[in-house]
Amino acid sequence: MVAGEPFVARIPQKLYDEMAAHIIAGYPNEACGALGCKDGQVVKHYPTANAAGQPDDFSIIAPNDLLDIFDDIEEYNGEMIYYHSHPVSEAYPSRRDKNYAKLSKIQYIIFSHRFYPEPPYARVFLVHDDDTVTEGKIEVV
Ligand SMILES: [Zn+2]
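Encoded structure:
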């Protein structure tokens, strides 16, 4: 179910291209990373390794990497967006994604390679406490 207020993730073309390249490099595994946001605009890209035990099935940023990213984002008083890819399935939060997203309360950008070898496409979501999902809009600027 998709409900709630719409929101926008504004991403400079250069950072979007870097993020997409990181996602493509990870294929056929899931790839992940984070973005730093300031005043509604993405200002920094943090590509990370996928620390999940089964990287073809899930993705997670290692706690140490996550702490470094949090520290850096805090320096410019920004907000974090988490992003990862789905090698096969739709760009929509899985059961496990929802559980993590609910706890973190941050925007989730999900890429899908569903139409591989075509380039992956991305969607952005917020997951709420009651498991409902709000889809936002990605604006590449
Ligand atoms: Zn996922």
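Residue numbers (my numbering): 300 to 440. All C-beta atoms in this analysis are idealised placements derived from N, C-alpha and C, irrespective of residue type, glycine included.
Option nearest residue i by Cα separation, candidates the options
i: TYR345; options: TYR315, PHE424, PHE306; result: TYR315
i: VAL440; options: PRO327, GLY339, ILE322, ALA324; result: GLY339
i: TYR326; options: PHE410, ASP367, ILE437, ILE360; result: PHE410
i: GLU429; options: ALA421, GLU329, ALA400, HIS383; result: Residue identity differs from the one stated: residue 429 is Asp in this sequence, not Glu. Considering only alpha carbons, the answer is ALA400.
i: GLU389; options: ASP364, TYR415, TYR381; result: TYR415
i: HIS427; options: GLU317, ASP396, VAL341; result: ASP396
i: ARG394; options: VAL432, TYR381, PHE306; result: VAL432
i: ASN398; options: PHE357, VAL341, ALA421, LEU366; result: PHE357
i: ILE355; options: LYS343, ILE368, CYS331, ILE437; result: Ile is not the amino acid found at residue 355; the sequence shown has Asp there. ASP355 has its Cα closest to that of CYS331, out of LYS343, ILE368, CYS331, ILE437.
Sub-7 angstroms separation of residue i and residue j beta-carbons
i: PHE424; j: PRO386; result: no
i: LYS350; j: ALA361; result: The question names Lys, yet the displayed sequence has Ala at residue 350. Closer than 7 angstroms, so yes.
i: ILE405; j: MET379; result: yes
i: LYS443; j: TYR375; result: What the structure shows of the chain is the stretch from 300 to 440, and residue 443 is not part of that stretch, so it cannot be assessed.
i: GLY335; j: ILE310; result: no
i: HIS383; j: GLU329; result: yes
i: ILE359; j: PRO419; result: no
i: ALA319; j: GLY435; result: no
i: ASP370; j: THR347; result: no
Residue i Cβ short of 6 angstroms to ligand 1 heavy atom set
i: ASP396; result: yes
i: SER393; result: yes
Contact with chain C by residue i, beta-carbon distance below 7 angstroms
i: LYS404; result: Note that chain C does not occur in the displayed structure, where there is just one protein chain.
Residue i: CB within 6 angstroms of a non-hydrogen atom of ligand 2
i: PRO362; result: By its list of ligands, the structure shown excludes ligand 2, since it contains just ligand 1.
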